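Asker: Below: one structure in structure tokens.
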Amino acid sequence: MPSRPRIVVTRAIPEPGLDLLRRHAAVWVNPEDRPLTRDELLTQAATAHGVMGLLTDRIDAGFFEAAPLLRGYANYAVGYDNIDVPEATRRGLPVSNTPDVLTLATAELAFGLLLAAARQIVAADAVMRSGNWPGWGPLQFIGTQLTGRTLGIFGPGRIGLALARLSRGFDMPIVACGGRKPNDTLVRELGARYLPFEDFLATADVIAITAPLTPQTRHAFDAAAFARMKPTAILVNTGRGPIIDEAALVTALAHGQIAAAGLDVYEFEPRMAEGLAALKNVVITPHIGSATRTARDGMAVLAAQNLLAMLDGTTPPTCLNP
Ligand code: DGY
29 MPSRPRIVVT RAIPEPGLDL LRRHAAVWVN PEDRPLTRDE LLTQAATAHG VMGLLTDRID
89 AGFFEAAPLL RGYANYAVGY DNIDVPEATR RGLPVSNTPD VLTLATAELA FGLLLAAARQ
149 IVAADAVMRS GNWPGWGPLQ FIGTQLTGRT LGIFGPGRIG LALARLSRGF DMPIVACGGR
209 KPNDTLVREL GARYLPFEDF LATADVIAIT APLTPQTRHA FDAAAFARMK PTAILVNTGR
269 GPIIDEAALV TALAHGQIAA AGLDVYEFEP RMAEGLAALK NVVITPHIGS ATRTARDGMA
329 VLAAQNLLAM LDGTTPPTCL NP
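Counting from 1, position 129 in the sequence shown corresponds to residue 157 in the numbering used here; the numbering is continuous, with no gaps.
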């Protein structure tokens, strides 16, 4: 490898990460504020020793094939459904993600969406801005009091645990379902009860999806799931969009099968299912779970540390290969 390896960063990330990389490598950063096209990604990868990419970059056999000099790939995200990890491992290439540094940011946004959906904060804000508020009224914007409601966490890992901790001030009993393995801390510290999916759906007053996207979680929340949920239930998703069948969610929200939703992720980003944006009982944000200064800088530094370790031939701090 040359003394200054070539690193490709597929979209500008915060400076602390770029600074770190530039101390050790010649760094090419996508100059445009958009994802690289597949062709652009493969062209850049052809001469790269290391690549740092986004959840929108498909890191699969075709990518690895196009990158003969590659020593490793670092995802600028905790979710890694965009990476074919077994394929990377088969080729002896390390790949990594950015856990922990965005846990609190994402949990805080999930709780924010929950409050916003429960109390119709966005719709109420819109009325104020419209200049059409007629003054206080006993029947206006009646929402759900969260305190004491049962919080269901689907796919509890680090983010689900952080969310459960945030909910302590609201005295919410916790039920859980899914996840790679039962989260002992969630059970011991917060008294969470693990339930089978059907019971979980029927028991929770509010459900927060914090699961990764896997073949098992894809469309876990479909028409049948909404039919099992309480008509007063609120659903929040800060995991990955395809965990929800979004067209079925639009139907469920429109027909009052569930009460409300707060979404930060979508099945076909950046598009939304037809009809979703017209619904009053949904709060929608543009995939900003990790969008705090602290989290995004932390992700940049961790992803850079991962990539530099790969170039050095040492194990990256948050390696995904088994
Ligand atoms: C992730 O990290 O997986 C988020 O979706 C983006 O920060």
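Yeah, the Cβ is synthetic: ideal placement off N, Cα and C, and Gly gets one too. Predicted model only: the values in this text are computed from it and were never measured.
Of all the alpha helix (DSSP H) runs that stay within the bounds of the stretch 128-166, which reach a length of 4 or more residues?
Answerer: DSSP runs (the alpha helix (DSSP H)) wholly in the stretch 128-166: 131-147, 149-158.
Asker: Which runs of the alpha helix (DSSP H), 4 residues or longer, sit entirely within the stretch 259-310?
Answerer: For the stretch 259-310, whole alpha helix (DSSP H) runs of length 4 or above, ordered along the chain, are 274-282.
Asker: Enumerate in chain order the residues of its own chain whose CB-to-CB distance from alanine 276 is below 6 Å, with the five nearest sequence positions on each side excluded.
Answerer: For alanine 276, where only same-chain residues beyond five positions count, the Cβ hits under 6 Å are Asp250, Ala251.
Asker: Taking C-alpha atoms, which residue in Pro63, Glu43, Ser31, Glu274 lies nearest to histidine 77?
Answerer: Nearest C-alpha to histidine 77: Ser31.
Asker: Helix, strand or coil: how does DSSP classify arginine 256 here?
Answerer: Reduced to three states, the DSSP call for arginine 256 is helix.
Asker: How about glycine 267 and leucine 141: do their beta carbons lie closer than 8 Å?
Answerer: No, Cβ-Cβ distance for glycine 267 and leucine 141 is not below 8 Å.
Asker: Considering isoleucine 35, what are the terminal residues of the alpha helix (DSSP H) in which it resides?
Answerer: Looking at the DSSP string, isoleucine 35 is not in any alpha helix (DSSP H); the run it does join, the beta strand (DSSP E), is 34-37.
Asker: Just tell me which of Pro201, Lys209, Phe225 has its CA closest to the CA of glycine 219.
Answerer: The residue with the shortest Cα to Cα distance from glycine 219 is Pro201.
Asker: Name the two residues that bound the continuous beta strand (DSSP E) containing alanine 204.
Answerer: First-last of the beta strand (DSSP E) with alanine 204: 202-205.
Asker: Do the CB positions of threonine 71 and threonine 346 come within less than 8 Å of each other?
Answerer: No, Cβ-Cβ distance for threonine 71 and threonine 346 is not below 8 Å.
Asker: Name the two residues that bound the continuous alpha helix (DSSP H) containing isoleucine 187.
Answerer: Run containing isoleucine 187: 186-194, per the alpha helix (DSSP H) assignment.
Asker: Among Asp67, Asn58, Pro224, Pro96, whose alpha-carbon lies nearest the alpha-carbon of glycine 81?
Answerer: Residue Asn58 is the option with its Cα nearest to glycine 81.
Asker: What's the C-alpha gap between aspartate 212 and proline 224?
Answerer: Rounded to the nearest angstrom, the two C-alpha atoms are 17 Å apart.
Asker: Could you tell me whether the Cβ atoms of valine 264 and isoleucine 286 are closer together than 8 Å?
Answerer: No, these two residues do not count as a Cβ contact at 8 Å.
Asker: Tell me, please, which residues DSSP counts as bridged to alanine 220.
Answerer: Answer by DSSP bridge pairing: none, since alanine 220 is not bridged.
Asker: Using a 10 Å radius around the Cβ and a threshold of 16 neighbouring Cβ atoms, would you call glutamine 333 buried or exposed?
Answerer: Glutamine 333 comes out buried.
Asker: Using only alpha-carbon positions, find the residue among Thr245, Ile262, His283 that is nearest to glycine 269.
Answerer: Nearest option by C-alpha distance: Thr245.
Asker: Following the continuous beta strand (DSSP E) through alanine 81, name the residue where it begins and the one where it ends.
Answerer: The sequence shown places glycine at residue 81, rather than the alanine named in the question. That run of the beta strand (DSSP E) goes 78-81.
Asker: Should histidine 315 be counted as a contact of ligand 1 given a C-beta to heavy atom distance under 7 Å?
Answerer: Answer for histidine 315: yes, Cβ within range of ligand 1.
Asker: Take the Cβ of glutamate 217 as the centre, count every other Cβ of all protein chains shown within 10 Å, and call the residue buried at 16 or more, exposed below.
Answerer: Exposed is the call here.
Asker: Using DSSP with H/G/I as helix, E/B as strand and the rest coil, what is glycine 176?
Answerer: Reduced to three states, the DSSP call for glycine 176 is coil.
Asker: Tell me whether glycine 107 sits in a helix, a strand or coil according to DSSP, three-state version.
Answerer: Glycine 107 falls in the coil class under three-state DSSP.
Asker: Less than 8 Å between the C-beta atoms of arginine 196 and threonine 131, yes or no?
Answerer: Not in contact: arginine 196 and threonine 131 (Cβ atoms no closer than 8 Å).
Asker: Taking the straight line between their C-alpha atoms, what separation do you get for tryptophan 161 and leucine 167?
Answerer: Cα-Cα distance, rounded: 13 Å.
Asker: Quickly, what does DSSP pair serine 318 with across the bridge? List them, please.
Answerer: Answer by DSSP bridge pairing: none, since serine 318 is not bridged.
Asker: Taking DSSP's pairing of strands, which residues face phenylalanine 225 in a bridge?
Answerer: Partner(s): none; phenylalanine 225 has no beta bridge.
Asker: Could you check whether the Cβ of serine 124 sits closer than 7 Å to any heavy atom belonging to ligand 1?
Answerer: Serine 124: no, Cβ never under 7 Å from ligand 1.
Asker: Cβ of valine 106 versus every heavy atom of ligand 1: is any distance shorter than 7 Å?
Answerer: Correct: valine 106 has its Cβ closer than 7 Å to ligand 1.
Asker: Which residue wins for smallest C-alpha separation from threonine 320, given the options Val311, Ile41, His283?
Answerer: Comparing Cα positions, the closest option is Ile41.
Asker: So alanine 89 is in the alpha helix (DSSP H); what residue range does that whole segment cover?
Answerer: That run of the alpha helix (DSSP H) goes 89-93.
Asker: Can you give the Cα-Cα distance for glutamate 226 and phenylalanine 182, rounded to whole angstroms?
Answerer: Whole-angstrom Cα-Cα distance: 12 Å.
Asker: Say the cut is 7 Å; is the CB of leucine 83 nearer than that to a heavy atom of ligand 1?
Answerer: Within the cutoff, so yes.
Asker: Is it the case that the CB of leucine 130 approaches a heavy atom of ligand 1 more closely than 7 Å?
Answerer: Checking every heavy atom of ligand 1 against the Cβ of leucine 130, one is found closer than 7 Å.
Asker: Say yes only if the C-beta of serine 318 is nearer than 7 Å to one or more non-hydrogen atoms of ligand 1, and no if none qualify.
Answerer: Flag set: Cβ of serine 318 near ligand 1.
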